[in-house]
Amino acid sequence: MKADFKMSQSSPSPLFSSAATLTQSHLPQYSGEESVSEIRKNTAWHIAPNLFSSFKYAWAGVCYAFMTQRNFRIHTAMTAIALSIGLVLHINTLGMAIVALTCALVMVLELLNTALESVVDLTVGQSYHELAKIAKDCAAGAVMISALAALLVAGFILAPPLVAIVFPF
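Counting in this note's numbering, the sequence shown tops out at residue 1667, every number present.
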């Protein structure tokens, strides 16, 4: 039996303009008679029919996080500052790569934290659940630890040449 899958979208824009536009209308519709493997196989291409679409959806997630998550904007600014300082100080390629990767790790974990918080909120709704709190707190803790590690790494790599410029003796 072949299922008739349709993607309905209420917004003409492929990028989400606000969290309110993320509704059930963006999900594939099916009758309920299909197996899980049929659903996965038949809907996978609906979500991202080509590589360009995959990047478009990924960029939509990054844009969503940037527009709605204050901490993601802070991490983005700190990354730009750290990389700019590294360029001004002529930090070697390996040092720049290490700073860039640790900053990227923080941003990746912030995106995962945002995704996990959204799924938890979707699951528990307006009710309180101790396991939801634990999940959110642990995800936020992972971001915090990675941010502290990135700060230490940037300090170890950027501080010595910066101190040499500020205190030339």
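Every residue gets a Cβ at the ideal spot worked out from N, C-alpha and C, and that includes glycine.
The ligand FMN and residue i: does any heavy atom of the ligand fall closer than 7 Å to the residue's C-beta?
i	result
Leu1614	This structure does not include the ligand FMN; it has no bound ligands of any sort.
If you follow the alpha helix (DSSP H) that residue i is in, where does it begin and where does it stop?
i	result
Ser1625	It is not in any alpha helix (DSSP H) - Ser1625 carries neither H nor E in the DSSP assignment.
In three-state DSSP terms, what is residue i?
i	result
Asn1611	helix
Thr1521	The predicted model places Thr1521 with a pLDDT of 41, which falls under 50 and marks its position as unreliable, so this point remains unresolved.
Val1606	helix
Phe1665	coil
Leu1587	coil
Closer than 8 Å, CB to CB, is residue i near chain C or not?
i	result
Asn1548	The structure shown contains no chain C; it is built from a single protein chain.
So does the stretch 1627-1637 actually touch the stretch 1555-1569, counting three or more Cβ pairs closer than 8 Å? No contact exists between the stretch 1627-1637 and the stretch 1555-1569.
List in chain order: all unbroken beta strand (DSSP E) runs of 3+ residues lying wholly within the stretch 1546-1575. Counting only runs of 3 or more, we get nothing.
So, does the stretch 1637-1646 touch the stretch 1597-1616, judging by three or more C-beta pairs under 8 Å? The answer is yes - the stretch 1597-1616 touches the stretch 1637-1646, with three or more Cβ pairs under 8 Å.
Touch check for the stretch 1621-1633 and the stretch 1581-1589: three-plus C-beta pairs under 8 Å? Too few Cβ pairs lie closer than 8 Å, so no.
The stretch 1573-1588 touching the stretch 1646-1664, judged by at least three CB pairs closer than 8 Å: The stretch 1573-1588, when compared against the stretch 1646-1664, does touch it at the 8 Å Cβ threshold.
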